[in-house]
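J.: Pasting a structure below so you can have a look.
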Amino acid sequence: MRAGGSAAGARASLPTTPHSPSLVLSSLLSSQRPNQTKPNQTRTSSPICLLSFLIDGRASSEKPSKETRTTTRGRASRLFFYIIHLCCGCGMEEANLQGPSIAPASTSHQDAQDQHQDETPPQEQEQEQISSRYKASEIATRFIEVIDPKSHVDTAAPIDSVKGAVTKFGGILDWREKRKRAHDECDKVQEDVTEHHRRSMEAEAGSAQVLHELRTTTSAADKLRLSLKKAQIEEAQAHQEAELADRRLRELQRGASERAAAKAELEGALADLQAARAELQSREKVCAAAAAEAAAVEARAREAAAESRETGKAVEDLAAELFALKAELESSHAALVEAEEKRLSLALALEQDKSQWQMELEDAQQEAKRLRAELMAACDVEMKAEAASELMANLKAELLACAVEEDDKPTVSSLPMLEKINKELEGVKASVERAKDEARCLRVAAASMGDELAKEKVELAALRRKEALSSASIPSLNYELSRVTSELAAAEAAAKADKDESKMAEQIGEARREAEAAKAKARSAREEVAKAREEAGVAKASVTTMEARLEAVKREILAADTSEEIATASAAAILQESRPSNKSQQSEAAVEGGVTLTVEEYDELSRRARETEEIAGKRVMEAVKLIKEAKDAEVRSLEKLAKQDRQSEQRRQALEAATLEAEEEEFGKLSAERELRQWHAEHDPQRRAAGETESPRAGLAEISVLNDPGAGDGRGNPHILSPRGGYMPRTELMASTAEADARQRKTTFFPRMVMFLARKRAQSWK
Numbered sequence: 001m002r003a004g005g006s007a008a009g010a011r012a013s014l015p016t017t018p019h020s021p022s023l024v025l026s027s028l029l030s031s032q033r034p035n036q037t038k039p040n041q042t043r044t045s046s047p048i049c050l051l052s053f054l055i056d057g058r059a060s061s062e063k064p065s066k067e068t069r070t071t072t073r074g075r076a077s078r079l080f081f082y083i084i085h086l087c088c089g090c091g092m093e094e095a096n097l098q099g100p101s102i103a104p105a106s107t108s109h110q111d112a113q114d115q116h117q118d119e120t121p122p123q124e125q126e127q128e129q130i131s132s133r134y135k136a137s138e139i140a141t142r143f144i145e146v147i148d149p150k151s152h153v154d155t156a157a158p159i160d161s162v163k164g165a166v167t168k169f170g171g172i173l174d175w176r177e178k179r180k181r182a183h184d185e186c187d188k189v190q191e192d193v194t195e196h197h198r199r200s201m202e203a204e205a206g207s208a209q210v211l212h213e214l215r216t217t218t219s220a221a222d223k224l225r226l227s228l229k230k231a232q233i234e235e236a237q238a239h240q241e242a243e244l245a246d247r248r249l250r251e252l253q254r255g256a257s258e259r260a261a262a263k264a265e266l267e268g269a270l271a272d273l274q275a276a277r278a279e280l281q282s283r284e285k286v287c288a289a290a291a292a293e294a295a296a297v298e299a300r301a302r303e304a305a306a307e308s309r310e311t312g313k314a315v316e317d318l319a320a321e322l323f324a325l326k327a328e329l330e331s332s333h334a335a336l337v338e339a340e341e342k343r344l345s346l347a348l349a350l351e352q353d354k355s356q357w358q359m360e361l362e363d364a365q366q367e368a369k370r371l372r373a374e375l376m377a378a379c380d381v382e383m384k385a386e387a388a389s390e391l392m393a394n395l396k397a398e399l400l401a402c403a404v405e406e407d408d409k410p411t412v413s414s415l416p417m418l419e420k421i422n423k424e425l426e427g428v429k430a431s432v433e434r435a436k437d438e439a440r441c442l443r444v445a446a447a448s449m450g451d452e453l454a455k456e457k458v459e460l461a462a463l464r465r466k467e468a469l470s471s472a473s474i475p476s477l478n479y480e481l482s483r484v485t486s487e488l489a490a491a492e493a494a495a496k497a498d499k500d501e502s503k504m505a506e507q508i509g510e511a512r513r514e515a516e517a518a519k520a521k522a523r524s525a526r527e528e529v530a531k532a533r534e535e536a537g538v539a540k541a542s543v544t545t546m547e548a549r550l551e552a553v554k555r556e557i558l559a560a561d562t563s564e565e566i567a568t569a570s571a572a573a574i575l576q577e578s579r580p581s582n583k584s585q586q587s588e589a590a591v592e593g594g595v596t597l598t599v600e601e602y603d604e605l606s607r608r609a610r611e612t613e614e615i616a617g618k619r620v621m622e623a624v625k626l627i628k629e630a631k632d633a634e635v636r637s638l639e640k641l642a643k644q645d646r647q648s649e650q651r652r653q654a655l656e657a658a659t660l661e662a663e664e665e666e667f668g669k670l671s672a673e674r675e676l677r678q679w680h681a682e683h684d685p686q687r688r689a690a691g692e693t694e695s696p697r698a699g700l701a702e703i704s705v706l707n708d709p710g711a712g713d714g715r716g717n718p719h720i721l722s723p724r725g726g727y728m729p730r731t732e733l734m735a736s737t738a739e740a741d742a743r744q745r746k747t748t749f750f751p752r753m754v755m756f757l758a759r760k761r762a763q764s765w766k
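The UniProt record's numbering puts the sequence shown at residues 1 to 766.
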C-alpha cells in the first residue's frame, strides 16, 4: 500500500501534456485492477511506481550525466524483465485454463486471481480478461518507445525467446504445443484475412465500376437535357422573332388536312383497340379453362402457387408501370388542355386578323377607286393637252398671217433663237407623249394589281372555309379523346380487379398504346398549329408584298401625273409667250414660219423650262428609287421568311434527334439500374452467409487511436492500448449497408422514376 501511495503521489506531480510518459503510465495504472485491495496490489504497482520514478527523473533532468544515464538504463532493464514476467504470468494463467498446471506457483496465482474475480465486479472482471490478451512483445516494444524514444543500441545480453525469460523468472510451460497452436491460428487468421480482403476488393471494384457507369449515364443525360433546353430556348426565340400573325393563317390552311389524317389514324387506333379487346376476351376464356384444369390437378396447383408469388412481384412492377402511364396520361391531358387554349387564342387572333384584313381590303378598294379617278383625271389632262396642241397650231397660223400683214414694220429677229424654241416645243411634245405612255402602263399595272387583289380575296375566302372545317372537326377529336380516356380508365379498373399476369400485361400494353396514340394526336395537333402559323406567315408576307407593289404603282402614277402637269404648264407658258406681243417680224421669218422673241423673253422661257425639267426628273427619280426600295424590301422579306422556315425545320429535326437520344439514354439508365439491383440481389445473400460463418477471435488485440484528447480515460493518446473483445468483420458491415441501401432504393426508385418521366413529359409539351 505504501508503494501504491508513492505511485499516486508520483502521478499527481506529473505533467499533463497529451503525449507525456507520465500520462501513459497513469493511464496504464488506471487500466490495471483499479479497486483491488488484495496484497498483490503492492506487487503489481511497485514496477509501475519504479517506472514513474524513472520517467520523472528523466523528465526533470535537463542535462543528465553519465552516471544518471547508467542508473536509468539499469532501472529500465529491471522494469522490462519484470513486465515480461507479469505478461508470462498472464500467459500461464491462460495455459492453466486450457490444461493441467505443472508449477505450483502458477496454481496459487490462478487461485488468487479466481478469488479476486469472484470479489470484483463484472466490469472489472471483463477488463481483466481483456488485459490478459496482451502480447508480451507488443507491450515490451511500446514501453521501450515510451521510455526511450531515441534510437539506441542495447549492449545487454539479449533474451532469445519468451521461453527463456519465463525459465529465468520462474514457471514451467509446454511452449511447443502453445507455439504450434498459435502459429496455426495465425496462419488461419491470415488466410481468412486474405480471402476477406480479396472479396472486399472485388466487391468494391464492381461497385466502383457500376457507379462509374451510372455517373457517365447521368452526366450524358444531363448534357442531353441541357442541349434540349438550349434547343427549346432557341426555338422559343425564333418563334418570338417571327411574327405571330404571320404563321396563324398558314396553320389554319394546313389544319384541315392534318386533322383529317389524325382522324384516320384515330379510327385505325380504335380498330386496333377493338381487335385487342377481342383477343383479350379470347385469352380470358383460355385462362378460365386453365384455372379449372389447375384446380383439378394438385401438382399444377403447387406450381401455380409458386408462380403466383412470382406473379405478385410482376404485378407490383406492372402496377408501378401503370402508375407511370397514369402520370403520362395526366400530362397528355394537360397538354391537350393547353392545345385547346392555344386553339381558342388562335381563333380569337384569327377573328381580329379577319377584321383587320377586312378593313385593309376596304381601304384597298377605296384606294383603287381613287386611282380610277386619278386615271380619269389623267385622261382629261390628255384631252386638254391635245386641245392645247391644236390651239398652238391655230396660233402658229395666226402668227403667220400677222407676219404677212405687218412685214413693213422693223423687228429684231434671230433665226437661231427661233430654231431653238422650235426644238424646245418638240421636246415638250415628246415629254407629253412619254407621259401618255406612262399613264397607259400604269393603267395596265393597276388592272393587274386589281386581278391579284381579287385572287387574294378568293384565297382568303378559301382559308376561311378551311378554318370553319377545322373548327368543326375539333369537337369530334375531343369526343374521340374523351372516349379513349374512358376506355383507358376501364382498362385500368379491369387491371386492378384481375390479378392474372397475362391479363395485366395485355391491359398495360393496351394502355401504353392508347397513351402513345394520345401523344401522337397531341403531336399532330402541334404540327398542325405550326403549319397553320407558317401558312399565315406566308399569306401575310404575300399581302405585304402586294401592298408594296400597289404603293409603288401609286407612286408611279403620281410621278406620271406630275410630269404631265409640268409638260402642260410648260406648253401653256410657251403659248402665252408666243402670242403677238412682238407683232413685227421679218419677211424671212414669215416665210419659214418662225416666232420672233426678244432675248430677255427667250432667256426667261429657257430658265423656266430647265427648272420644270429638273423638278420632273427629280420626282421621277424619287419614284423609281421608292419602287426599287419596295422591290428590294419584298425580296429581303421573302428571303428572310425562307431562311426562318429552313431554320425552324432544322431546329425541329435537331429537337427530334435530341428527344430520341434522351429517350435512349433514359432507357439505358433504367437498364443499368435494373442490372445493379439484380447484382445486389444476387450477391447480398452470399455476403450475409460469408459474414455469418466468420466470427471474431478472442486472441487478438489492436491499438485504437481516438480523436478526443480531452477525455479523462486517456482516449486521446495514441500510445494507449485499448483491447476489444470482439469486432464486426468488414464483409458483414458491407452486407448490412448494402441491404439497407437496397431497401431504400426499392422504396424510392419507382416514385423518383415517375417524377422524372413526368418532368420530361412536361418539358417536351412545353
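Glycine is no exception: its CB is placed at the ideal position from the N, C-alpha and C atoms. Since this is a predicted model, take the numbers as computed values, not measurements.
(1) Taking the C-alpha atoms as reference points, what is the distance between glutamate 664 and glutamate 656?
(2) Whole angstroms is fine: what's the gap from leucine 375's alpha carbon to aspartate 451's?
(3) Since I believe alanine 658 is in contact with alanine 231 (beta carbons under 8 angstroms), could you give me their beta-carbon distance rounded to a whole number of angstroms?
(4) Take the Cβ of lysine 531 as the centre, count every other Cβ of all protein chains shown within 10 Å, and call the residue buried at 16 or more, exposed below.
(5) So, under 8 angstroms CB-CB, arginine 250 and glutamate 534 are touching, yes? Tell me the CB distance rounded to an integer number of Å.
(6) Would you kindly check if the distance between the Cβ of valine 337 and the Cβ of leucine 676 is under 8 angstroms?
(7) How long is the line joining the alpha carbons of arginine 608 and glycine 617, rounded to whole angstroms?
(8) Would you mind stating whether alanine 221 and glutamate 634 have Cβ atoms separated by less than 8 angstroms?
(9) So is glutamine 253 buried or exposed if we call it buried at 16+ other beta carbons inside 10 Å?
(10) Enumerate in chain order the residues of its own chain whose CB-to-CB distance from leucine 28 is below 6 angstroms, with the five nearest sequence positions on each side excluded.
(11) Since serine 648 and alanine 238 should fall inside the 8 angstroms C-beta cutoff, what is the C-beta to C-beta distance between them, to a whole number of angstroms?
(12) If distances are taken between C-alpha atoms only, which option among Ala278, Lys631, Asp187 and Ala461 comes closest to tryptophan 357?
(13) When DSSP labels each residue in this structure, what does glutamate 243 get in the three-state scheme?
(14) Does the distance from the CB of alanine 520 to the CB of glutamate 235 come in under 8 angstroms?
(15) Pull up the CB-CB distance for glycine 668 and threonine 217, whole angstroms please, since I reckon it's below 8 angstroms.
(16) Inspect the beta-carbon positions of arginine 248 and leucine 346 and report whether they are closer than 8 angstroms.
(17) Would you grab the beta carbon distance between lysine 457 and leucine 371 for me? Rounded to a whole angstrom, and I think it's under 8 angstroms.
(18) Rounded to a whole number of angstroms, what is the C-alpha to C-alpha distance between glutamate 685 and tryptophan 679?
(19) Using 8 angstroms for Cβ pairs, my map puts alanine 672 next to glutamate 267. What's the rounded Cβ distance?
(20) Excluding the five sequence neighbours on either side, which residues of its own chain have a C-beta within less than 8 angstroms of the C-beta of glutamate 527, listed in chain order?
(21) What's the gap between the Cα of aspartate 603 and the Cα of glutamate 629?
(22) Alpha carbon to alpha carbon, how far is alanine 339 from glutamine 650? Give it in angstroms, no decimals.
(23) One question on the structure: do alanine 364 and leucine 453 come within less than 8 angstroms of each other, judged by their Cβ atoms?
(24) CB valine 538 to CB leucine 641, shorter than 8 angstroms?
(25) Enumerated in chain order, which unbroken segments of the beta strand (DSSP E) with a length of 3 residues or greater are wholly contained in the region 182-255?
(26) Alpha carbon to alpha carbon, how far is glutamate 316 from glutamate 284? Give it in angstroms, no decimals.
(27) Taking all protein chains shown into account, do 16 or more other C-beta atoms lie within 10 angstroms of the C-beta of lysine 436, making it buried, or fewer, making it exposed?
(28) Just the C-alpha distance for lysine 263 and glutamate 516, rounded to the nearest angstrom, thanks.
T.: Looking at the coordinates:
(1) Straight-line spacing of the CA atoms in glutamate 664 and glutamate 656 works out to 12 angstroms.
(2) Rounded to the nearest angstrom, the two C-alpha atoms are 17 angstroms apart.
(3) About 6 angstroms separates the two Cβ atoms, so the contact holds.
(4) Classification for lysine 531: buried.
(5) Sure, about 4 angstroms apart at Cβ, within 8 angstroms.
(6) No, the Cβ-Cβ distance between leucine 676 and valine 337 is not below 8 angstroms.
(7) Cα to Cα, the separation comes out at about 14 angstroms.
(8) Cβ distance not < 8 angstroms, so alanine 221 and glutamate 634 don't count as in contact.
(9) Around the beta carbon of glutamine 253, a 10 Å sphere encloses 16 or more other beta carbons of the protein chains shown; the residue is thus reported as buried.
(10) No answer about leucine 28 holds up, because its pLDDT of 45 lies below 50 and its placement is not dependable.
(11) The beta carbons of serine 648 and alanine 238 sit about 6 angstroms from each other, so the pair counts as a contact at 8 angstroms.
(12) The candidate whose alpha carbon is nearest that of tryptophan 357 is Ala461.
(13) Note: glutamate 243 maps to coil in three-state DSSP.
(14) One thing to note: alanine 520 has its Cβ no nearer than 8 angstroms to the Cβ of glutamate 235.
(15) Between glycine 668 and threonine 217, the beta carbon gap of about 6 angstroms places them in contact (Cβ cut-off 8 angstroms).
(16) Yes.
(17) About 17 angstroms; that fails the 8 angstroms criterion.
(18) At residue 685 the sequence reads proline, which differs from the glutamate that was named. Looking at the two C-alpha atoms, the distance is approximately 11 angstroms.
(19) The pair is not a contact, with the Cβ atoms about 40 angstroms apart (cut-off 8 angstroms).
(20) Closer than 8 angstroms at Cβ, skipping near neighbours: Glu258.
(21) Put simply, the backbone Cα of aspartate 603 is about 39 angstroms away from that of glutamate 629.
(22) CA-to-CA, the gap between glutamine 650 and alanine 339 works out to about 23 angstroms.
(23) Contact: yes.
(24) Taking 8 angstroms as the Cβ cut-off, valine 538 and leucine 641 qualify as a contacting pair.
(25) Listed in chain order, there is nothing to give.
(26) One C-alpha to the other measures close to 21 angstroms.
(27) A residue is called buried once 16 or more other Cβ atoms fall within 10 Å of its Cβ, and lysine 436 is buried on that count.
(28) Lysine 263 and glutamate 516: Cα-Cα distance of roughly 15 angstroms.
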